[in-house]
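Below you'll find the structure, written out as structure tokens, and then a few comments.
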Amino acid sequence: MQGDRIPTPFDGRKVAYHLPHWSAMERGEIPPPVLVTLDPAAACNLVCRWCNSEEQTEKGVRYSAAAIVALPAMLRRWGVKAVCVAGGGEPLLHPRISTLLEGLHAEGLEIGVVTNGTLIDRHMDALGCCRWVGVSVDAGSSRTYEDLKRRDQYGAVTENMRQLRARWPALEITYKYLVHPDNIEDIPEAASAARSIGCNYFHARPAGRTWVDVQAGRVSSPFTVPQVTRASELLATLESCDDNGFIQATTSKFSDAWGISNRFDKCRAMGMTCVIQPDNTIGLCCDRRGDSRTTLGTWEHPDDIPKLWGNAAHWRAMSLVNLDDCPRCTYAPHNELYEAFVANDHTCKWFI
Ligand code: SF4
Ligand code: SF4
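First residue of the sequence shown: 26, per my numbering; consecutive thereafter.
Written out as structure tokens, the structure reads:
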């Protein structure tokens with residue numbers, strides 16, 4: 026281990042493991058995606074102020090029963106290693122989500138679920154199939170929760186997390202906290218709640234502009250300078266009292282003012298991962314769900330999906346990405362490292 030950094034799931038250095046994938050891309054081949062995101066249901070029971078999935082949730086569609094059964098085997102055959110069952114809505118709203126999780130587990134895929142936590146109690150057994158569950162709580166009190174999400178479910182969500190911890194002691198549970206101008210003062214209380222629930226991590230990161238905002242010209246940081254200062258101080262205080270990596274704050278993908286900061290010239294992340302969406306489209310960017318310019322194509326049966334991956338349209342979509350259309354990029358570290366170590370050779374890479 027280098028220095029005093031404890032390896033955690035939030036450690037961006039893990040992208041180094043995937044250099045062979047990038048080398049293949051440099052030779053003109055796109056290997057199967059390492060990670061696939063599954064969006065089972067384009068619907069949600071909350072209305073978060075920062076939601077970047079409104080384009081999707083308005084559609085109200087979900088995976089068919091046939092797709093739920095066929096997707097896991099297709100993903101295993103394709104060579105996918107891990108699956109993030111996540112957004113574009115609340116995944117646990119799908120009535121067959123337990124079947125999907127159990128199917129993915131039976132095929133040997135690693136599973137992570139990102140959920141708003143309101144429905145964990147309905148799927149307690151199947152969630153034990155997961156490597157990790159991240160619960161987007163984003164508040165440390167009922168008052169803040171209701172203010173940000175229009176319904177007070179704070180008590181119900183934190184109780185669900187307690188039950189999940191009791192049911193699956195080895196499951197990695199993260200209390201996710203999207204820092205917003207109106208929840209900054211709740212940060213210490215939320216971190217304390219995460220500890221008392223028995224979470225493995227408290228993960229905070231700033232809210233950013235959505236791709237719809239960016240493409241409408243709203244690109245400035247949602248935070249004022251005093252808000253960034255205050256939130257940074259609170260997070261630094263928590264980190265200073267934490268010697269086991271429980272507190273995780275991800276701010277490196279943002280500018281100093283917590284605005285957009287994509288420090289690379291081209292998108293290569295669209296060759297690493299994709300989003301299988303419930304409107305039967307394949308998205309190539311989780312930050313631009315619903316944007317036709319980052320949509321690879323449509324699928325009827327899951328077996329259609331690998332046939333589209335790596336074709337000429339895929340390369341063309343990746344080459345046409347205009348970074349001015351992008352919000353803060355989840356895969357910024359991938360794109361930065363690709364340019365530093367694969368596309369360019371400023372490092373004399375053979376001289377180890
Ligand atoms: S829980 Fe997620 S999908 Fe639902 S409104 Fe909030 S951000 Fe959007
Ligand atoms: S946000 Fe932009 S650069 Fe990042 S993966 Fe999406 S399209 Fe590519």
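Virtual Cβ for every residue (Gly too), placed ideally from N, Cα, C.
{"Asked": "Length of the line joining the Cα atoms of Thr319 and Ala342", "Found": "7 Å"}
{"Asked": "Contact under 7 Å by Cβ, Arg293 with Glu361", "Found": "no"}
{"Asked": "Reduced DSSP secondary structure (H/G/I, E/B, other) of Ala90", "Found": "helix"}
{"Asked": "Thr372 versus Val40: straight-line alpha-carbon distance, rounded", "Found": "17 Å"}
{"Asked": "Residue list, Cβ distance to ligand 2 heavy atoms smaller than 5 Å", "Found": "Cys292, Ala294, Cys310, Asp312, Val346, Cys351, Cys354, Tyr356"}
{"Asked": "Three-way DSSP call (helix, strand, coil) for Ile107 in this model", "Found": "It should be pointed out that residue 107 corresponds to Ala in this sequence rather than to Ile. Reduced to three states, the DSSP call for Ala107 is strand."}
{"Asked": "Any non-hydrogen atom of ligand 1 closer than 6 Å to Gly114 Cβ", "Found": "yes"}
{"Asked": "Member of His205, Ala368, Asp349, Gly153 whose CA lies at the smallest distance from the CA of Gly128", "Found": "Gly153"}
{"Asked": "Assigned secondary structure, Trp14 (DSSP; H/G/I helix, E/B strand, else coil)", "Found": "With the chain covering 26 to 377 only, the question about residue 14 has no answer from this structure."}
{"Asked": "Selection from Pro58, Ile31, Trp47 that minimises the alpha carbon distance to Pro331", "Found": "Pro58"}
{"Asked": "Pairwise C-alpha distance: Arg314 and Thr306", "Found": "10 Å"}
{"Asked": "Residue environment, Gly159, which counts as buried when at least 16 other CB atoms sit within 10 Å", "Found": "buried"}
{"Asked": "contact_flag[the region 166 to 174, the region 121 to 138] where n(CB pairs < 8 Å) is 3 or more", "Found": "no"}
{"Asked": "Through-space distance from Ala338 to Leu345, alpha-carbon basis", "Found": "10 Å"}
{"Asked": "Which listed residue (Thr33, Thr249, Leu60) has its alpha carbon closest to that of His295", "Found": "Correcting the residue type first, residue 295 is Met in the shown sequence and not His. Ranking Thr33, Thr249, Leu60 by Cα distance to Met295 puts Leu60 first."}
{"Asked": "Start and end residues, beta strand (DSSP E) containing Lys84", "Found": "No beta strand (DSSP E) holds Lys84; DSSP gives it neither H nor E."}
{"Asked": "Distance between Leu333 and Glu264 (C-alpha atoms, nearest Å)", "Found": "44 Å"}
{"Asked": "Separation of Val204 from Thr33, as counted between CA atoms", "Found": "20 Å"}
{"Asked": "7 Å Cβ cutoff met for His228 and Thr199", "Found": "yes"}
{"Asked": "Backbone CA spacing between Asn208 and Val250 [nearest angstrom]", "Found": "15 Å"}
{"Asked": "Nearest to Ala92 (by Cα), restricted to the options Arg187, Ile122, Phe366, Val72", "Found": "Ile122"}
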